[in-house]
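Structure first, then comments.
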Amino acid sequence: MAYKINDDCISCGACAEECPQKCIKEGADKYVINKEECINCGTCAGVCPVGAPNEDNDEE
Ligand code: SF4
Ligand code: SF4
């Protein structure tokens with residue numbers, strides 16, 4: 005299980021700075037979480053101003 009950033013992301017970068025795993029990187033349209041490294045801590049969801057990171061229950 006991992007968090008996933010949806011299209012509401014405004015690429016502010018706050019989550020990437022706070023992620024303890026440093027597994028969030030800037031992508032073309034939004035920030036992207038490396039789900040192999042994500043430990044599901046929820047820190048990104050807590051700091052995001054637009055609620056873009058959510059638990060991804062669709063895969064694995
Ligand atoms: Fe990083 Fe935690 Fe968010 Fe996963 S849930 S991307 S480990 S801050
Ligand atoms: Fe995108 Fe939210 Fe991360 Fe900012 S904190 S880069 S809006 S997911």
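Each residue of the sequence shown is one higher than the one before, counting from 5 in my numbering. C-beta atoms are modelled at their ideal positions from N, C-alpha and C, and glycine is treated no differently.
With distance defined between alpha-carbon atoms, name the residue in 31, 45, 39 and 44 nearest to residue 17. In the sequence shown, the residue the question calls residue 17 occupies position 13. The residue with the shortest Cα to Cα distance from residue 17 is 31.
If I follow the unbroken beta strand (DSSP E) through residue 36, where does it start and stop? Position 32 of the sequence shown, counting from 1, holds the residue named residue 36. Its beta strand (DSSP E) spans residues 35–37.
Reduced DSSP secondary structure (H/G/I, E/B, other) of residue 22: Within the sequence shown, the letter at position 18 stands for residue 22. Residue 22: helix per DSSP, three-state reduction.
Element boundaries [beta strand (DSSP E), containing residue 6]: Here the question's residue 6 lines up with position 2 in the sequence shown. 6–9 is the extent of the beta strand (DSSP E) around residue 6.
From residue 7 to residue 36, what does the alpha carbon distance come to, in whole angstroms? Your numbering for residue 7 matches position 3 in the sequence shown. Your numbering for residue 36 matches position 32 in the sequence shown. Approximately 10 Å between the Cα atoms of the pair.
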